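As structure tokens, the structure follows; a few thoughts come after it.
Chains as they are written, first to last, in our numbering: chain A, 1 to 410; chain B, 411 to 820.
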């Protein structure tokens with residue numbers, strides 16, 4: 001393969017053959033093809049796109065750059081969910097143990113937060129002792145014993161994607177749909193799933209700003225999943241206001257635990273059940289029962305314990321990471337809440353220290369918001385719009401100002 | 411400057427500010443900006459183009475990455491020519507000494523051949539002893555003494571261009587007009603010229619296949635030249651058949667010497683005078699006289715001697731590099747020559763060993779074609795279409811076949 005000729009072919013808008021894509025990614029993974037040729041190809045893909053077939057080839061090539069999960073013949077259905085991420089999205093924390101109540105296996109590999117959206121791994125690490133680093137062997141053993149594991153990507157999974165993702169970040173080639181699809185799907189498909197549900201968010205607090213772009217992304221991911229033999233479903237969900245009423249790591253875990261106790265915000269409970277029903281063998285009613293009767297919470301406890309976490313503390317989670325300052329934000333008028341801008345809430349949470357502006361930033365588990373009011377709620381003058389958890393008074397003051405700009409009462 | 415943001419700006423089709431372009435190139439030159447970001451920007455430029463202002467900024471940035479020529483206050487006008495290259499183009503070998511007859515200074519920095527077009531440096535090196543490596547100091551001294559120097563790029567000139575050119579070659583970002591213009595013009599403008607004439611070729615044997623693309627390139631180069639304060643003229647010339655009647659290194663030097671003796675092919679003599687008149691202070695008649703009366707040849711001898719070359723051998727140049735095999739190609743019919751395809755002749759010459767397929771290839775000075783028939787000529791059956799100079803019979807046979815495909819007699 002003559003590398004510049006392959007780049008030129010894509011630059012001219014032609015489709016690359018499966019072999020060309022796989023040779024390119026294999027060469028990139030082993031170091032024969034340098035970053036400067038990969039970044040030129042990535043920029044050409046940004047401009048010329050890729051067909052469904054090319055995207056599937058790219059996904060396959062990244063997948064085969066590393067190891068994939070292998071299950072015994074006795075294994076049940078293996079299922080997972082992927083979300084494109086949004087403000088206050090703690091669905092995975094509830095959904096993974098809930099699905100495992102159904103005697104499915106849920107080998108959920110998640111990521112860390114960057115920018116305004118949080119990461120499931122960061123939230124899990126707010127649980128004292130919880131270890132997200134699992135080897136493939138540990139993961140297999142835990143699936144046998146508990147049915148669910150929530151972990152980070154092992155170094156052996158999709159090394160091509162790791163290298164390419166870092167390169168795209170510094171070469172302005174992140175927002176390319178085929179590259180996004182191949183990155184997401186290669187990591188998910190390395191879990192060797194039978195079924196996958198994709199939660200694609202759109203709106204001010206999501207990566208995809210419009211429903212059209214979310215539909216396009218969902219369609220492309222579904223095509224790749226099906227091309228690789230995985231029963232793939234997609235669900236589109238708006239993300240104009242945060243999901244649930246809590247934003248911030250420990251605060252979101254606390255809210256997830258509320259839902260696992262059969263309580264918690266209705267929108268969060270509903271989306272968990274909706275997504276779980278797409279890949280589960282039981283119906284929504286059974287899933288709701290497992291939330292209400294403590295079965296799902298028990299599964300969560302077992303998973304936390306299996307990964308070294310303090311399962312006892314889950315019962316009094318709001319005491320685990322108390323913030324130095326908590327402050328309620330009161331409405332200065334009475335009316336109906338017409339907007340809680342997810343993007344602004346996310347930025348405010350980032351500013352408080354709940355997220356990372358850069359990959360090296362430290363996260364403060366304790367900070368963020370809870371009791372966040374929902375769109376459509378009636379509020380009296382002096383009523384609570386949200387509660388701020390901050391490291392100090394100054395940060396709380398800034399956050400209050402930002403929250404007031406995010407919430408509209410009319 | 412945040413590098414990915416600059417790449418993103420160009421990716422989105424926005425114009426980069428002068429400072430952004432200069433900081434980017436400065437960072438690239440010193441190694442702060444790695445190849446993978448430069449190649450991503452180059453691909454974004456390929457798709458989005460650059461305005462005349464951006465192209466001038468890029469040229470300036472590459473120019474100021476290295477050293478430029480500086481002349482004493484007593485220096486006369488400094489002039490040069492640049493050609494976009496074509497098959498059999500030995501214009502520089504005649505034009506540079508001819509212009510120096512006019513008491514102008516001609517500091518001509520040239521390149522080597524790659525692919526089907528030859529390079530002036532390769533042709534000059536067929537002259538025994540001729541040294542194309544000149545330091546800036548040697549070049550200045552030779553201008554004072556002879557008025558003309560023909561040399562390669564010194565390592566100090568446009569190091570950013572050297573690095574970027576090599577990178578473009580392996581990342582499929584060569585055919586981008588602003589990158590081409592900045593590469594050509596930065597090297598030429600490092601000569602600190604007062605006047606520059608650009609010979610822009612179009613046709614089957616040229617880099618630009620159509621007159622429209624040649625006009626666009628010429629306009630872009632002229633705009634940059636004028637933005638940098640150089641009196642810049644452009645001349646468009648078709649290149650569907652080879653220029654003159656010789657193709658190959660020593661064979662082209664021999665033909666150039668014919669023109670310097672007042673003889674040689676009419677088309678070559680005419681284009682030399684036309685281009686020289688654009689930057690000279692004398693008229694075409696005077697230039698023709700200097701070719702006819704030996705003044706230009708004398709200047710060429712002085713230049714060759716100043717650069718260590720054997721000036722004596724110029725009088726019997728067809729004996730300097732005799733080919734192992736010479737063979738005439740005869741017409742198998744009588745008629746009028748309607749085509750001598752420059753691209754095919756160039757490929758045949760490359761196959762004989764007159765050029766380089768890769769940058770590391772060795773050149774055979776002796777091989778190529780001469781006595782090549784011109785379009786419009788009458789030829790009898792059995793009349794000579796061309797003479798082949800080859801390293802062996804097999805090569806000559808292949809070349810004959812290729813030549814027959816290049817020449818049409820009707």
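Positions of the beta carbon are idealized from the N, C-alpha and C atoms, including for glycine. Source: prediction; values computed, not measured.
Taking the Cα positions, residue 683 of chain B is about 28 Å away from residue 746 of chain B. Contact note: residue 418 of chain B reaches chain A through 172, using a C-beta cutoff of 8 Å and chain order. The beta-carbon distance between residue 365 of chain A and residue 321 of chain A, rounded to whole angstroms, is 5 Å. This is short enough to meet the 8 Å contact definition.
As for any beta strand (DSSP E) of minimum length 3 sitting wholly inside the segment 105-167 of chain A, the runs are 106-109, 148-151, ordered along the chain.
In the three-state scheme derived from DSSP, where H, G and I count as helix and E and B as strand, residue 737 of chain B is classed as strand. Not a single CB atom of chain B sits nearer than 8 Å to the CB of residue 177 of chain A. For residue 550 of chain B, the closest Cβ of chain A is not nearer than 8 Å.
In terms of beta-carbon proximity, residue 641 of chain B stays away from the interface with chain A, with every pair separated by 8 Å or more.
A distance below 8 Å separates the beta carbons of residue 79 of chain A and residue 194 of chain A.
For residue 617 of chain B, no chain A residue has a C-beta closer than 7 Å to its own C-beta; the minimum C-beta separation is roughly 16 Å.
Interface with chain B (8 Å Cβ-Cβ cutoff): residue 4 of chain A is included. Beta-bridge partners assigned by DSSP to residue 368 of chain A: A:389. Rounded to whole angstroms, the gap between the alpha carbons of residue 346 of chain A and residue 615 of chain B is 59 Å. Membership of residue 493 of chain B in the beta strand (DSSP E) is indicated by the continuous run 489-493. Unbroken alpha helix (DSSP H) stretches of 4 residues or longer found wholly inside the segment 419-473 of chain B: 428-440, 445-458, 462-473, given in chain order. Between the segment 661-679 of chain B and the segment 496-511 of chain B there are three or more inter-stretch CB-CB distances shorter than 8 Å, so the stretches are counted as touching.
In the three-state scheme derived from DSSP, where H, G and I count as helix and E and B as strand, residue 817 of chain B is classed as strand. Here residue 618 of chain B carries a strand assignment [DSSP, helix/strand/coil]. The Cβ atoms of residue 472 of chain B and residue 518 of chain B do not sit closer than 8 Å to each other.
Those residues of the segment 40-74 of chain A placed with their C-beta closer than 9 Å to a C-beta in chain B are 40, 41, 42, 43, 44, 46, 47, 48, ordered along the chain. By the CB criterion at 8 Å, residue 655 of chain B and residue 752 of chain B fall outside the cutoff. In the DSSP annotation of this structure, the continuous segment of the alpha helix (DSSP H) that includes residue 588 of chain B starts and ends at 587-599. In its chain, beyond the 5 residues on either side, 264 have a beta carbon closer than 7 Å to the beta carbon of residue 258 of chain A.
Contact annotation: in the segment 19-41 of chain A, residues whose CB is within less than 8 Å of a CB in chain B are 34, 35, 36, 37, 38, 39, 40. Among the residues of the segment 588-616 of chain B, none has a Cβ less than 8 Å away from any Cβ of chain A. At a Cβ-Cβ threshold of 8 Å, residue 711 of chain B and residue 724 of chain B count as neighbours.
DSSP places residue 500 of chain B outside both helix and strand once states are collapsed to three, so it counts as coil.
In the three-state scheme derived from DSSP, where H, G and I count as helix and E and B as strand, residue 754 of chain B is classed as helix. Counting along the chain, residue 236 of chain A sits inside no alpha helix (DSSP H); it lies in the beta strand (DSSP E) bounded by residues 231-238. The Cβ-Cβ distance between residue 190 of chain A and residue 148 of chain A does not fall below 8 Å. In this structure, DSSP gives residue 766 of chain B a state outside helix and strand, which the three-state scheme calls coil. With a threshold of 16 other beta carbon atoms within 10 Å, residue 565 of chain B falls short and is exposed.
For the 8 Å CB-CB criterion, residue 84 of chain A and residue 201 of chain A form a contact. Using beta-carbon distances, residue 421 of chain B counts as an interface residue toward chain A, with a partner under 8 Å.
Between residue 128 of chain A and residue 309 of chain A, the CB-CB gap stays under 8 Å.
Residue-level contact by beta carbon fails for residue 760 of chain B and chain A, as no gap is shorter than 8 Å.
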